[in-house]
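Student: Residue numbers (the numbering used here): 336 to 520.
Here's what the structure looks like:
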């Protein structure tokens, strides 16, 4: 089976209250008007809204690999998922500045960029729009259960999965993957 584009959606920080995960440097950035967002962006071992299940091993591996993109400041994401596996520089809205796992949850901290798409993202958040975050990657899937009359059976994401980016979307497939702005307090 060939690889296809897999996208998953999450909303960050349930109820709009996030833990204070900012460093002193990041707090200064927020005071200067930058927007930093944080929350769950992917979850292992749970069927998501797309009926996919990711193993903890696959997500841990991809989080580890993604660290090099963060270090090189190449961890861009877009508004909405494109139909491409290539991240468009002109459509970049944010940059992941930290990515880690806690149990089966993948957390992200990201900086909204002062780009046209980033400005749209910032204004959407300032207007109180609830947005989610969604992973984009390439991989193949394997049916886990019989469809039982359902056209969409639960599927397992196979080990060939490659994480590409995290994009902002209006309806995440990962339960609870909504992001909210971080305050300095």
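Using N, Cα and C, we set each Cβ at its ideal position, and we do this for glycine too.
Could you please give me the residues that DSSP links to residue 429 through a beta bridge?
Tutor: Paired residue(s): 412, 447.
Student: On the three-state DSSP scale, how would you describe residue 367?
Tutor: Looking at residue 367 - three-state DSSP - the assignment turns out to be coil, as it is neither helix nor strand.
Student: Since residue 468 is in the beta strand (DSSP E), which residue starts that stretch and which ends it?
Tutor: Segment 466-474, the beta strand (DSSP E) holding residue 468.
Student: Could you tell me if residue 536 is buried or exposed, where buried requires 16 or more neighbouring beta carbons within 10 angstroms of its beta carbon?
Tutor: No answer is possible for residue 536: the residues shown for the chain start at 336 and end at 520.
Student: Which two residues bound the contiguous alpha helix (DSSP H) that contains residue 397?
Tutor: 391-406 is the span of the alpha helix (DSSP H), which, as asked, contains residue 397.
Student: Taking a contact to mean a Cβ-Cβ separation below 8 Å, would you say residue 386 touches residue 449 in this structure?
Tutor: Against a cut-off of 8 Å, the Cβ pair of residue 449 and residue 386 comes out as no contact.
Student: Looking at the unbroken beta strand (DSSP E) that takes in residue 498, where does it start and where does it end?
Tutor: Counting along the chain, the beta strand (DSSP E) containing residue 498 begins and ends at 497-504.
Student: Beta-carbon separation of residue 453 and residue 431 under 8 Å?
Tutor: No. Outside cutoff.
Student: Span of the beta strand (DSSP E) holding residue 491?
Tutor: Residues 490-492.
Student: Which residues does DSSP list as the beta-bridge partners of residue 388?
Tutor: Note: residue 388 sits in a beta bridge opposite 491.
Student: Tell me which same chain residues have a C-beta within less than 6 Å of the C-beta of residue 389, skipping the five on either side of it?
Tutor: Taken in chain order, the residues that qualify are 379, 492.
Student: What does DSSP give as the partner residue(s) for residue 375 in the beta ladder?
Tutor: According to DSSP, residue 375 bridges with 442.
Student: What is the DSSP secondary structure of residue 338, reduced to helix, strand or coil?
Tutor: DSSP places residue 338 in coil when its eight states are reduced to three.
Student: Using the Cα positions of residue 363 and residue 373, report the straight-line distance between them to the nearest angstrom.
Tutor: Near 16 Å, if we compare the C-alpha coordinates of residue 373 and residue 363.
Student: Determine the closest residue to residue 436 out of 398, 496, 505, with distance taken between C-alpha atoms.
Tutor: Answer by Cα proximity: 398.
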